[in-house]
Every structure is written in structure tokens, then in C-alpha cells.
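Undergrad: Taken in order, these protein sequences are the chains called H and C. So the first sequence is residues 136 to 268, counted in this note's numbering. So the second sequence is residues 415 to 573, counted in this note's numbering. For each residue, glycine too, the CB sits at the ideal point set by N, CA and C. Just so you know, these numbers come straight off a predicted model, no measurement behind them. Handing you a structure now.
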Amino acid sequence: MRALILLGLVLCTGCASFTYERDMTFEPVSDAAVEPLRVGESDIGDTLRTLGAPLYVWEGVKDSIVLAYGWKYDRGWGVKVSRAIASFRYDDQIDRLEGWILVFDSDNKLQIVRKGLLRDLANEARQPPAYVE
Amino acid sequence: MWTNADRRRFDAHVWHEPRSCGTKCAMKTLIHALALPALLLFIAPSCFISRSTANEPLQAQRMNTLTPGTSTATDVANTLGAPNEVVQLGKRMAWRYDFTNAKQAGFSIIILTFVNSDARADRAWFFFDESSVLQYAGRTLQADHATYAMPWQNVHERD
């Protein structure tokens with residue numbers, strides 16, 4: 136009985152609720168938008184003109200440069216417990232974003248184009264951080 | 415002196431039924447009294463909207479004054495201020511400026527909540543060569559596209 140009362144209190148005070156949520160973060164980059172870019176021909180300038188500003192830029196392996204475009208579109212039911220509203224940090228986003236990774240060599244020519252979860256793609260493409268002595 | 419006859423008269427006046435039914439009747443009366451407010455609570459939904467932003471909106475006119483091949487990192491800093499992020503790319507570097515606009519809308523019915531979150535951003539990246547001369551610049555201005563909507567409303571192309 137006490138457990139039931141406690142559950143009732145938690146639910147009624149808004150600490151927990153059944154939620155249907157749609158979450159849209161940034162605008163998606165379509166396959167058609169990426170199609171004009173040619174591996175070995177297009178450079179960073181062409182990419183910026185075609186796709187706009189990337190979400191992230193990283194240093195890749197062997198002096199390469201990695202541009203990442205990402206977005207998120209989720210919808211569905213869930214249970215929320217004490218949700219925090221209006222907090223947004225760029226660095227927190229990468230785990231949940233899908234998108235494109237474009238890798239450019241040291242001459243700024245496009246070498247690799249991949250689509251998928253940014254978190255996974257980033258692990259492949261990014262240069263591991265150097266030790267600071 | 416409070417006699418039994420007085421008590422019976424009092425009970426008959428105050429209670430709808432003889433007091434002999436005791437706590438059970440009191441509870442029944444209480445439930446009747448609370449039924450309407452409880453029903454109102456259950457059917458009254460609460461709506462909410464919220465907006466959050468990060469950094470200052472980017473100004474296209476200012477960015478237009480910066481020219482790849484001639485403008486330097488100092489020119490960019492003087493025109494746009496300090497970047498939100500600096501990325502070292504070997505001997506080169508890239509600067510990011512961004513403004514994020516996030517809008518939430520929804521409503522709750524007691525423990526059932528419907529929420530729509532829409533976050534859009536203005537972003538600009540400036541790439542500099544080894545001499546800190548601007549090599550490439552790219553921008554995306556979409557922060558204005560964020561909208562308040564219910565989760566089932568079609569507000570963007572993808573819906």
C-alpha cells in the first residue's frame with residue numbers, strides 16, 4: 136500500500152511521466168546533396184559550398200581533415216524521470232547523431248565519404264589525441 | 415446537559431443518515447465532495463512552451479566582408495569576435511562560430527506528456543593555412559527554422 140502511495144506521489148508531482156516525444160536536432164543532409172561531391176576531385180571549398188558548414192571539424196590521421204555533418208530525428212514513447220529542459224551542448228550531441236563524415240587529405244581533396252552514426256564514424260576517422268608532456 | 419435525545423436530534427440535523435453508520439458514511443461524504451475537483455484535475459491538461467538559445471545569432475553581412483585568400487585570422491577575430499571553438503589541424507587551424515535555437519512545445523494530462531523538441535543552428539567555419547590566412551569559409555544559417563509544434567504535426571520536409 137505504501138509503495139502504491141509513493142508511486143502515486145511521484146507520478147502526480149511530475150517527477151515521472153509517460154511521454155511521447157519527437158526530437159529533431161539540426162537539419163538532415165540528404166544523399167542527393169552529397170552526390171555531386173567526387174572523391175579525388177572535390178575539395179573542402181566545394182564541400183562547404185555544397186553542404187554548408189559542418190557540425191564538427193577534426194584532425195584526422197596523416198594530416199587529413201575530417202568534416203562531420205549530423206542530425207537527429209527520434210520519435211516514440213518512453214518514461215521520463217525528472218527531465219531537464221533547455222540544456223544544449225555541442226559536445227553532448229555526437230553520441231546521438233547520425234550523419235556524414237568526409238575525409239580530406241593534406242591537399243584538401245576528398246578521399247572518403249561515409250554515412251552512419253557519427254560516434255562510430257568519428258572513432259574511425261579522428262586522430263587520437265597526442266600526449267602532452 | 416447533553417442527553418441521548420439531544421444527540422439523536424443533532425445527528426439527524428447534521429448528517430444525512432443517522433450517525434450510527436459512522437466512519438463509513440463520513441468517507442462516503444468526503445468522496446462525494448472530492449469527486450468533482452478530482453475529475454477536473456484529471457481532465458485539465460497543461461500546455462507549455464520553452465525556448466533556449468546558445469551564443470549570439472550569426473550575422474551574414476559581417477561574414478560577407480571576409481575573403482578567402484586575403485583575410486587573416488586577425489581580421490576574422492576583429493569582425494566576428496572570439497570563436498566558440500578552435501580546432502588545430504596540424505599546422506593549420508579552423509574556427510567555429512555557432513548559434514543554436516531550440517524550441518520545445520507540449521502538453522501534459524496528469525502522467526501523460528506529449529513533447530516536441532526542435533533545435534536548429536547557425537554555424538560558420540573558417541579554415542586558415544599555416545600563415546593564418548583564411549583559406550575556406552562555409553556557413554549554414556538555419557536557426558530561424560526551429561518551430562513550436564506538437565509531436566504529430568508536420569513542420570519540416572522529413573515529416
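1) Under a Cβ-count criterion, where at least 16 other Cβ atoms within 10 Å of its own Cβ denotes burial, should H:Gly-251 be classed as buried or exposed?
2) Any beta carbon of chain H sitting closer than 8 Å to that of C:Tyr-562?
3) In the DSSP assignment, what are the bridge partners of C:Leu-555?
4) Taking the DSSP output, what are the residues bridged to C:Gln-626?
5) Would you say the beta carbon of H:Ser-177 is closer than 7 Å to some non-hydrogen atom of the ligand HEM?
6) Do you know whose CA, among C:Pro-565, C:Ala-563, C:His-570 and C:Gln-556, lies nearest H:Leu-186's CA?
7) For a test of the three-state rule: what should DSSP assign to C:Gln-502, helix, strand or coil?
8) According to DSSP, simplified to helix, strand and coil, what is H:Val-164?
9) According to the neighbour-count rule (16 or more other Cβ atoms, all chains shown, within 10 Å of its Cβ), is H:Val-196 buried or exposed?
10) If you run the structure through DSSP and keep just helix, strand and coil, what is C:Asp-573?
11) Could you pull out every residue in the same chain whose Cβ sits closer than 8 Å to the Cβ of H:Ala-276, ignoring the five residues on either side in sequence?
12) Output the distance between the C-alpha atoms of H:Asp-240 and H:Val-174, rounded to the nearest integer angstrom.
13) Could you name the residues of the same chain whose beta carbon sits closer than 6 Å to that of C:Ile-463, not counting the 5 residues immediately before and after it, in chain order?
14) Please name the residue, chosen from H:Arg-210, H:Ala-257 and H:Lys-244, that lies closest to H:Leu-183 on a Cα-to-Cα basis.
15) At a Cβ threshold of 8 Å, is C:Thr-527 touching chain H?
16) Residues in the same chain with beta-carbon distance under 7 Å from C:Ala-474, minus the five sequence neighbours each way, listed in chain order, please.
17) For chain H, is any of its Cβ atoms less than 8 Å away from the one on C:Pro-565?
18) So, at 8 Å on beta carbons, what are the nonlocal neighbours of H:Val-164 in its own chain, with the 5 sequence-adjacent residues on each side left out?
19) Assuming C:Ile-524 is part of the beta strand (DSSP E), what are its boundary residues?
20) Short of 8 Å Cβ to Cβ, which residues in the segment 527–547 of chain C face chain H?
21) Identify each residue in the segment 233–254 of chain H for which the Cβ-Cβ distance to at least one residue of chain C is less than 9 Å, and report them in chain order.
22) With which residues is H:Trp-193 paired in a DSSP beta bridge?
23) Look up C:Thr-443 in the DSSP assignment and say whether it is helix, strand or coil.
24) Is the segment 475–488 of chain C touching the segment 526–533 of chain C, taking contact as three or more C-beta pairs under 8 Å?
25) Which partner residues does H:Arg-210 have in the DSSP bridge list?
26) Ends of the beta strand (DSSP E) at H:Gln-246?
27) Have a look at C:Lys-438 and H:Met-159 and give me their C-alpha separation to the nearest angstrom.
28) Using DSSP with H/G/I as helix, E/B as strand and the rest coil, what is C:Thr-488?
TA: On the basis of the coordinates in this document:
1) exposed
2) Contacts with chain H at 8 Å (Cβ-Cβ) do not include C:Tyr-562.
3) Looking at the DSSP assignment, C:Leu-555 forms a beta bridge with C:Asp-536.
4) No statement about residue 626 of chain C is possible, as the shown extent of chain C runs from 415 to 573 and does not include it.
5) Absent from the structure shown: the ligand HEM. Ligands present: none.
6) For H:Leu-186, the closest of C:Pro-565, C:Ala-563, C:His-570 and C:Gln-556 by C-alpha to C-alpha distance is C:Gln-556.
7) strand
8) coil
9) exposed
10) Caution is warranted here: a pLDDT of 48 is assigned to C:Asp-573, below 50, making its placement in the model unreliable, and no coordinate value can be reported.
11) Given that chain H is displayed from residue 136 to residue 268, the structure contains no residue 276 of chain H and the question cannot be resolved.
12) 11 Å
13) Excluding sequence neighbours, C:Ile-463 sits near Ala-519 and Tyr-562.
14) Checking every option, the nearest Cα to that of H:Leu-183 belongs to H:Lys-244.
15) yes
16) Leu-555
17) At least one C-beta of chain H is nearer than 8 Å to the C-beta of C:Pro-565.
18) Leu-186, Tyr-204, Trp-206, Gly-234 and Trp-235
19) Careful: C:Ile-524 lies outside any beta strand (DSSP E) and carries neither H nor E.
20) Thr-527, Phe-528, Val-529, Asn-530, Ser-531, Asp-532, Ala-533, Arg-534, Ala-535, Arg-537, Ala-538, Trp-539 and Phe-541
21) Residues Ser-241 and Asn-243.
22) H:Val-201
23) C:Thr-443: helix per DSSP, three-state reduction.
24) Because the criterion of three Cβ pairs below 8 Å is not met, the segment 475–488 of chain C and the segment 526–533 of chain C do not touch.
25) H:Arg-157
26) That run of the beta strand (DSSP E) goes 245–252.
27) 54 Å
28) helix
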